[in-house]
Structure formats: C-alpha cells, structure tokens
Ligand SMILES: [Zn+2]
Ligand SMILES: [Zn+2]
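Residue numbers (this note's numbering): 152 to 374.
This is the structure in structure tokens:
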C-alpha cells in the first residue's frame, strides 16, 4: 500500500491518501478543511476514484473537508465515497454548528460558512471489520480525546491510523469537550498497545511511529 501524507489546515492535520499499485480506487484517512481543493485534482489526474473517507474523529480540523469533497464527487462519479465514522461523534459530523463558538474562539477568522454538515454513510462499531483496497480493516474504538475516536487497523499491512489518540511521543488533548484522560489511557493500553509491536502507527498530527516505540517511550501512557 502506498501512503501519502499531507499536512493541511491551521493545525497541520494529517490527511493520508492510500493507494495500491494496479488499483484505481483510493482511500483518504481524514479530510481537513481544504482537502478536496488540494487533493481532488491530483486524484483526477491519476485516474483514481475515491472509495472511502475514514474519519478518525469529529473535530473540525479532521472532518471540515468532507462536505466539499462530497459536493465535488457527485458528478461524474456515480458512487459517492463511503464516509465512515463512530456514532459517538455523530453531532460533530452532522451538527458541526453546535461546536462553532468553540472553534471560532480558537481560530477567530473562521466564518459561519466554515462548518458544513454532512451525512456519515457508514457508522462503525468497535471491532467491526470491512474491506477496502483489497484488504481487511478493523475499526478500533479509542475514546478519550473525542468520544467517537476510531483507529483504523489494517492487519494485512501491519499499519494503523490512530487519529488524535496517540502521537509519536505524545497523546491527544483530553481537555476538549468529551475528552477524558483515564478513558484515553485505557483505550491506548487496551486497543493500541495490544497490537503487534511491529505495527506502524500513523497519527492525526506529526510523524509516524510504531507500537513498540510508544510502548517503550511514550511518557503519557505506560503499557
Ligand atoms: Zn482532535
Ligand atoms: Zn487534530
């Protein structure tokens, strides 16, 4: 699997484009605001169709680009991309206006139009498996940063996308609405640290790491 990481938006949020040699479908992990403008021309140029957007959680810097991508992919693509997320973040995706004041306090130049709602087409629960890019994926519920935080584990590739649950040498904030440190600590121990040591982790911000590396040196959550 080919992984291309682009940092997009005011928080440098990682957007991952996943492709496979010889296939014309592709997947995005998270869609920060502006992701469509930046990436859709590249997909078109390469003849790729977007099969799915895997949302790691409902924060604006990770899902703010979904509505724009859905609008732009209606035509001529007949099948819109599957939008995957966890139901505990339903309000973040479908009613982003509820969180508007909070985001606008953090980024004062955000206007009311910067919060387009969209529909999630596939709600995933913990442990649910699904096929993408010819491989089997597993959704892992890792709440604590957001109530509906998901990690996406591809055992065939020994890789997982962890969103803002765990970063290289750090963890996600737990002081935002719905955040809780003991919950996050337990989720990382139970769902991430139990993956094979060799599994490579791709976080929502910053560089990649591995299960072994975080188990041995992450100062915030010890195994
Ligand atoms: Zn977040
Ligand atoms: Zn984030």
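Cβ coordinates follow ideal geometry from the N, Cα and C atoms, glycine included.
beta-carbon residue i near ligand 2 non-hydrogen atom, thresh 7 Å
i           : result
residue 329 : no
residue 240 : no
residue 162 : yes
residue 355 : yes
residue 315 : yes
residue 210 : yes
Distance CB(residue i)-CB(residue j) smaller than 8 Å
i           : j           : result
residue 309 : residue 367 : no
residue 244 : residue 257 : no
residue 374 : residue 329 : no
residue 207 : residue 357 : no
residue 239 : residue 187 : no
residue 234 : residue 204 : yes
residue 202 : residue 176 : yes
beta-carbon residue i near ligand 1 non-hydrogen atom, thresh 7 Å
i           : result
residue 213 : yes
residue 243 : no
residue 237 : no
residue 297 : yes
Nearest-angstrom beta carbon gap, residue j and residue i [assumed within contact, 8 Å]
i           : j           : result
residue 154 : residue 353 : 7 Å
residue 303 : residue 290 : 6 Å
Residue i beta carbon near ligand 4 (any heavy atom closer than 7 Å)
i           : result
residue 323 : Looking at this structure, you won't find ligand 4 anywhere; what it does contain is ligand 1 and ligand 2.
Identify every run of the alpha helix (DSSP H) within the region 211-255, keeping only runs that are complete inside it and at least 4 residues long; order them along the chain. 211-214, 217-223, 241-245
Does the region 267-284 come into contact with the region 320-329, if we say contact requires no fewer than three beta-carbon pairs (one atom in each stretch) closer than 8 Å? Three or more Cβ pairs closer than 8 Å define a contact, and the region 267-284 falls short of that threshold against the region 320-329.
Would you call the region 207-226 and the region 250-266 touching, i.e. three or more CB-CB distances under 8 Å? yes
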